[in-house]
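Numbering (UniProt numbering), first residue to last: 1 to 678.
Right, dumping it as structure tokens:
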């Protein structure tokens, strides 16, 4: 085995993780090769690499998943090793084996280790042999509904029905009785075959009040394995992680040590040589059970890097080059607290549907003072429909959990994205939720707290009047800007009034049921004093800010103590502000303008009840009805594919199709008309 460091590596991935690997490789003096699909020819990872090779059309099955093209790219460029990142081929044992056969080093575990841990049934048996805690259950493939019900009764409800080859929440159901067990088994079997080509199903005990805790391990080719503490990944939506943190607010030192030692035992049992993650489900009594092992770098690895001071990508490269681990278990640090928010291109106000298109504005917060941004995009770039929705990972590090939360809230407020929708408002709302702040959450947290989904009025600001004051300040600054225009008629220069009326909705986040707040502004020594009169008396906000019209982030100090950053925008007469996940919409008018506004007729929205429109940008893959067909509520009308997700459009009510306005294969925009009813 060589101990000579690589001169050139190829990154068999795209987006944020490809850029992340290149950053470490460049730090180590290693040249990098990017591979890209036709859709990614202008992507950031292509620009960052020393060399780049196109490996096929946009769909990943024709490019990033084609082993032969990636191996040929290595040969064509002289790359000695491949880093697979995560996703795509990162846990494909055949790819790891092919690389080895072709004399290319796979920067990850050996293919035997990937195979051993890739099958959930086989990995659970291995865990049992390694004396790792496993969830009580039936670890053989189950054939019939009746057998599934009998096994579930024996284990005791509730039970979890899982596909052996499952992942990403597919082929997974929880059953609380016989009926749910039979139905869940049938659904999982079908879903698993459609998604993975493998319909083997097993059943295990469902742990109540569960947390998702994972242990990062690192092994070398000399039999050394260490664990790098834990990550808490319990904040999930539909089994997809949303916020990760390290350490966990729930785990004590004794549990950490026990989990870590079991994770190391499992890694040693499969001769694990690289970075990997052993995932556990932890009950409310701190009992913990093995879930699975991810034989790759995790999306959330930066939080572990933050608390240990280690570069995990560098460690993977060094291990693959034949080096020994340079530290022992007792030398692993646990320094402070780290959190990561996944910033995704989806619309939280449309049930998190994908949002693709051009990044008209993209201004991440500065990577200083414990803030880190791992990203694979840039302002003006495209978010394509063919891949996952991740835009960036926002990571913070603080001396404790309280400081980490405050840094993350501030960084989210400062993260400017325009042109597409992102989940930043949702992330900001989670960061201020009392249960999250107190560390009182399980994997069911999001489903429990947002059962009806996330709406603009789901989060109400602690002080709505503060947002009204900021809107009035913005209006005043716009007027100051206008006053500076040259050529005003002498003696008739613009005079800025001091009195305004803020017109907003009674419920923040909406302009429905409007009401008025009289406002007065005084400027002295660079401080804008905003007075708001209402039934409770007069509230005063002294605002200090160098914000100028056109800037999308407003940094201000209020009443000399509170420092805030708000996302702001003006569209016509309306001002839009977002602070800590709370949306505020208003108009700032003169007293006369407010009186005229009251007299304006209310414009009713158009009737769209007989139209079926695309809820997202995407590819129209199927039209399931034809002109003249009578459909019933709930019937499938069409399918749209976006960001590796198949989305079904169903009829909201009974009706007869009068016109098909799009055809299969069309690329649809948001709200594009698909079907019209009579």
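For glycine and all other residues, C-beta sits at the position ideal for the given N, C-alpha and C.
Item                                                                                                                                                                                : Value
What does the Cβ neighbour count give for residue 665, buried or exposed, with the cut at 16 atoms within 10 Å?                                                                     : exposed
Between which residues of its own chain and residue 277 is the CB-CB distance below 6 Å, once the five residues before and five after are set aside?                                : 214, 216, 294 and 298
What are the start and end residues of each continuous beta strand (DSSP E) run of 3 or more residues lying completely inside the segment 43–122, in chain order?                   : 51–54 and 81–83
Are the CB atoms of residue 228 and residue 332 within a distance shorter than 7 Å?                                                                                                 : yes
Can you tell me whether residue 14 is helix, strand or coil according to DSSP?                                                                                                      : coil
Do you know how far the Cα of residue 140 is from the Cα of residue 250?                                                                                                            : 33 Å
Can you find the residues in the same chain that come closer than 8 Å, C-beta to C-beta, to residue 353, ignoring five residues on each side of it along the sequence?              : 346, 347, 615, 616, 642 and 647
So, are the CB atoms of residue 36 and residue 52 less than 7 Å apart?                                                                                                              : yes
In angstroms with no decimal places, state the Cα-to-Cα distance between residue 691 and residue 77.                                                                                : Nothing can be reported for residue 691: it is not among the residues displayed for the chain, which extend from 1 to 678.
Give me, in chain order, the residues of the same chain whose beta-carbon lies closer than 7 Å to that of residue 389; leave out the 5 immediate sequence neighbours on both sides. : 344, 345, 346, 354 and 643
Flag this pair as yes or no: are the beta carbons of residue 135 and residue 202 separated by less than 7 Å?                                                                        : no
Quick one: Cα of residue 137 to Cα of residue 130, how far?                                                                                                                         : 17 Å
Could you compute how far the alpha carbon of residue 118 sits from the alpha carbon of residue 270?                                                                                : 12 Å
Give the straight-line distance between the Cα atoms of residue 372 and residue 407, rounded to the nearest whole angstrom.                                                         : 11 Å
Looking only at DSSP bridge pairs, what is residue 173 linked to?                                                                                                                   : 161
Under three-state DSSP, which class holds residue 481?                                                                                                                              : helix
Expressed to the nearest angstrom, what Euclidean distance is found between the alpha-carbon atoms of residue 514 and residue 503?                                                  : 6 Å
Which residues mark the beginning and the end of the alpha helix (DSSP H) in which residue 598 is found?                                                                            : 591–599
Residue 81: which of 33, 378, 292 and 46 sits nearest, CA to CA?                                                                                                                    : 33
Quick one, which of 39, 16 and 49 has its alpha-carbon nearest residue 27's?                                                                                                        : 49
Give the range of the alpha helix (DSSP H) segment to which residue 401 is assigned.                                                                                                : 401–413
Give me, in chain order, the residues of the same chain whose beta-carbon lies closer than 6 Å to that of residue 67; leave out the 5 immediate sequence neighbours on both sides.  : 95 and 98
Is residue 677 helix, strand or coil when you go by DSSP?                                                                                                                           : strand
Nearest-angstrom Cα distance between residue 225 and residue 635?                                                                                                                   : 54 Å
Go through its chain and collect everything with a Cβ distance to residue 2's Cβ below 7 Å, but skip five positions before and after it.                                            : Because the pLDDT at residue 2 is just 49, under 50, the model does not fix this residue reliably, and the value given afterwards should be weighed accordingly. Here the set comprises 321 and 322.
With the cut-off set at 7 Å, would you say residue 154 and residue 207 are in Cβ contact?                                                                                           : no
Using 10 angstroms around the beta-carbon of residue 500, count the other beta-carbons present and answer buried if the total reaches 16, otherwise exposed.                        : buried
Below 6 Å CB to CB, which residues in the same chain sit around residue 671 once its five sequence neighbours on both sides are set aside?                                          : 613
Give the DSSP-derived three-state secondary structure of residue 2 in the structure shown.                                                                                          : Annotation note: pLDDT 49 at residue 2 (below 50); position unreliable, coordinate value reported separately. Three-state DSSP puts residue 2 in coil, outside helix and strand.
Report yes if the CB atom of residue 338 is closer than 7 Å to the CB atom of residue 301, and no otherwise.                                                                        : no
Going by DSSP, name the residue or residues bridged to residue 650.                                                                                                                 : 636
Throw me the rounded Cβ distance for the residue 676 and residue 603 pair, which I believe falls under 8 Å.                                                                         : Not really, about 23 Å apart at Cβ, beyond 8 Å.
Check the C-beta distance from residue 123 over to residue 108 and give it rounded, since I have them as a contact under 8 Å.                                                       : 17 Å between Cβ atoms; not a contact.
Which term fits residue 451, buried or exposed, when burial requires 16 or more other beta carbons within 10 angstroms of its beta carbon?                                          : exposed
Would you tell me roughly how many angstroms separate the C-alpha atoms of residue 112 and residue 275, rounded to the nearest one?                                                 : 15 Å
Using alpha carbons as the reference points, say which of 387, 7, 234 and 309 lies closest to residue 16.                                                                           : 387
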